[in-house]
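Right, one structure below, let's go through it.
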Amino acid sequence: MGFAQRAMCVFLLVVTALDISLAAVYKVGDSKGWTSIGQINYTAWAASKTFRVGDTILFEYNKQFHNVMQVTHLEFQACNVSSVINTFSTGNDSIVIKRTGHFYYLCGIPGHCLVGQKVDIRVPKSSEATAPSPSGSSTASPAGSPSLSPPGAIAGAPGPSVKSSAPYPSSKGLVALLLSLVVVLGNETTQDDPDGLD
Ligand SMILES: [Cu+2]
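Numbered per mature numbering (1 follows the signal peptide of the UniProt record, and there is no 0), the sequence shown spans residues -23 to -1, 1 to 175.
Right under this line is the structure:
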């Protein structure tokens, strides 16, 4: 059993683990669930997560008092439910994310959206999933979750695709990194190529 084969086994294990971790289930509001009581900040809740295609958004609530309606951005802003895209009302609604973009949900019971029972699920494209949000203000987020710091954050260049090499731009990048590692290991083991790499 050569080293390259073992490295490939590790590589496959890592890929498998990444696949599992990519399909996460996010319960809206965490332990508090989906409610109008307690002024839960669902905006902050959503901002603390990184949603990906394949993840599940779970709304748990008492169906006697609440529901879940998917609406457009304009309706979301105005707490308007005149033309709802989707309605969920089981009290335990799992919604699988099928694409990137914004998904706006609110409670359709009168008054609940207005007191904050609304959530904007933003699903970034994978290339920008871990990109730092452009911050012009000097206020540091007090409740910011610990995350990877941006690679060599050049002031004034907040583009998502800067030409510098990002250490872990996404899980795809990590996979590519591991793949190249395996290739390098394979080359070192066999040493068939006298030219080698630059
Ligand atoms: Cu409600």
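A virtual CB, placed ideally from N, CA and C, is assigned to each residue, including glycine.
Exercise. Out of P101, I74, V100, N57, which has the shortest C-alpha to C-alpha gap to Q94?
Worked result: N57
Exercise. With distances taken from CA atoms, which of F80, V5, Q54, V30 is nearest N18?
Worked result: V5
Exercise. To the nearest angstrom, how far is it from the Cα of F53 to the Cα of S103?
Worked result: 25 Å
Problem set entry | Residue range of the beta strand (DSSP E) that includes Q47 | 45 to 48
For this session: Check whether the Cβ atoms of W11 and V45 sit closer than 8 Å, and answer yes or no.
Result: In contact: W11 and V45 (Cβ atoms closer than 8 Å).
Problem set entry | DSSP beta-bridge partners of E37 | The partner list for E37 (beta bridge, DSSP) reads N69.
Problem set entry | Pair within 8 Å by beta-carbon distance, P3 and Q47 | The amino acid occupying residue 3 in the given sequence is Tyr; Pro does not appear at that position. Result no, Cβ atoms of Y3 and Q47 do not sit closer than 8 Å.
Exercise. So, is D32 buried or exposed, given that buried needs 16 or more other C-beta atoms within 10 angstroms?
Worked result: buried
Exercise. So who's on the other strand from N18, going by DSSP bridges?
Worked result: Paired residues: none, contrary to the question.
Exercise. Less than 7 Å between the CB of H79 and some heavy atom of ligand 1, yes or no?
Worked result: no
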